[in-house]
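**Q** Have a look at this one.
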Amino acid sequence: EAGVTQSPTHLIKTRGQQATLRCSPISGHTSVYWYQQALGLGLQFLLWYDEGEERNRGNFPPRFSGRQFPNYSSELNVNALELEDSALYLCASSLEASGHQETQYFGPGTRLLVL
Amino acid sequence: GDSVTQMEGPVTLSEEAFLTINCTYTATGYPSLFWYVQYPGEGLQLLLKATKADDKGSNKGFEATYRKETTSFHLEKGSVQVSDSAVYFCALSDSSSYKLIFGSGTRLLVRP
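Those protein sequences? They're chains A and B, same order as listed.
Just so we're aligned, residue 516 is where the first sequence starts under our numbering, counting upward by one.
Just so we're aligned, residue 1195 is where the second sequence starts under our numbering, counting upward by one.
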């Protein structure tokens, strides 16, 4: 069974540009989560989508946004890129959000570099 | 708010040594607890989990017990291998928002 996939693996942008990151969850999973792993800041929760709706977002500015498609895949968009947005962006998926006991399975990540 | 505290790394051990990585948490309610491992250049892999007090999670020789009285979830392995070298993250799943809250990670280096 295929795991969580993310694309692209690497992305290089300049300040002010927009970045789009994509994630395909494990088949049968309806919840998708996005996390940022920035150097020195650890892993921080960004966004949670379930059944096409945004359920929760972390403490990030509105220029971080996303959506979930009918096939449960998801996009993360980062507008007006800043140097400090350089990080590894990890996507995770889980079965329906019926409880916090569900395991989140992670993809390999997209490494974003902002120059 | 909820939080997870892990011991500072790096932890350097010789092969076949005993491993303990300490993890304590602060949470309202009854979170689920997880250990994830990250190998160089990769994403996170679930190592083990426990969903209620006194549960023991185990996988690949690693174990951790959910201790509500001490709010701890320490990771242990009886005999480490060079291939266990990685960064280990302790995390809790918030019972209301379902997001994972991670510790800062502990880098483990196992020498032959």
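No residue lacks a Cβ here, since even glycine has one placed at the ideal position from N, Cα and C.
(1) Is the beta carbon of Gly624 of chain A sitting closer than 8 Å to the one on Gly1237 of chain B?
(2) Distance check for Asp1278 of chain B and Asp600 of chain A, CA to CA, integer angstroms please.
(3) Run down chain A in chain order and give the residues with a C-beta less than 7 Å from the C-beta of Leu1294 of chain B.
(4) Taking DSSP as the reference, what is the three-state secondary structure of Val519 of chain A?
(5) Do the CB positions of Tyr587 of chain A and Thr545 of chain A come within less than 8 Å of each other?
(6) For the beta strand (DSSP E) that contains Thr535 of chain A, what are its first and last residues?
(7) Around the C-beta of Asp1248 of chain B, are 16 or more other C-beta atoms found within 10 angstroms, so that it is buried, or is it exposed?
(8) Which partner residues of Lys1158 of chain B appear in the DSSP bridge assignment?
(9) Alpha carbon to alpha carbon, what distance is there between Leu1269 of chain B and Gly581 of chain A?
(10) Buried or exposed for Ile527 of chain A, going by 16 or more other Cβ atoms inside 10 Å?
(11) Is Ser589 of chain A helix, strand or coil when you go by DSSP?
(12) Chain B beta carbons: is any one of them nearer than 8 Å to that of Asn574 of chain A?
(13) Provide the residue span of the beta strand (DSSP E) that contains Arg572 of chain A, from first to last.
(14) Return yes when the Cβ of Leu561 of chain A is within less than 8 Å of the Cβ of Gln551 of chain A, no when it is not.
(15) Measuring only between beta-carbons, confirm whether Thr1156 of chain B sits less than 8 Å from chain A.
(16) Quick check on DSSP: helix, strand or coil for Asp1278 of chain B?
(17) With a threshold of 16 other CB atoms inside 10 Å of the CB of Glu617 of chain A, please say whether the residue is buried or exposed.
(18) Closer than 8 Å, Cβ to Cβ, to anything on chain A: give me those residues from the region 1227–1240 of chain B, in chain order.
(19) Please tell me whether Leu1227 of chain B and Leu1302 of chain B are closer than 8 Å, where the distance is taken between their beta carbons.
(20) Is it buried or exposed for Leu1300 of chain B, if we count other Cβ within 10 angstroms and need 16 for buried?
(21) In the DSSP assignment, find the beta strand (DSSP E) that holds Lys1243 of chain B and state where it starts and stops.
**A** In terms of the structure at hand:
(1) yes
(2) 30 Å
(3) Phe560, Gln619
(4) coil
(5) yes
(6) 534–539
(7) exposed
(8) A query on residue 1158 of chain B cannot be resolved here, the shown segment of chain B reaching from 1195 to 1306 and no further.
(9) 35 Å
(10) exposed
(11) strand
(12) no
(13) 568–572
(14) yes
(15) The first residue shown for chain B is 1195 and the last is 1306, placing residue 1156 of chain B beyond what the model contains.
(16) helix
(17) buried
(18) Phe1228, Tyr1230, Glu1236, Gly1237, Leu1238, Gln1239, Leu1240
(19) no
(20) Correcting the residue type first, residue 1300 of chain B is Thr in the shown sequence and not Leu. Counting Cβ neighbours within 10 Å, Thr1300 of chain B comes out buried, since at least 16 surround it.
(21) 1238–1244
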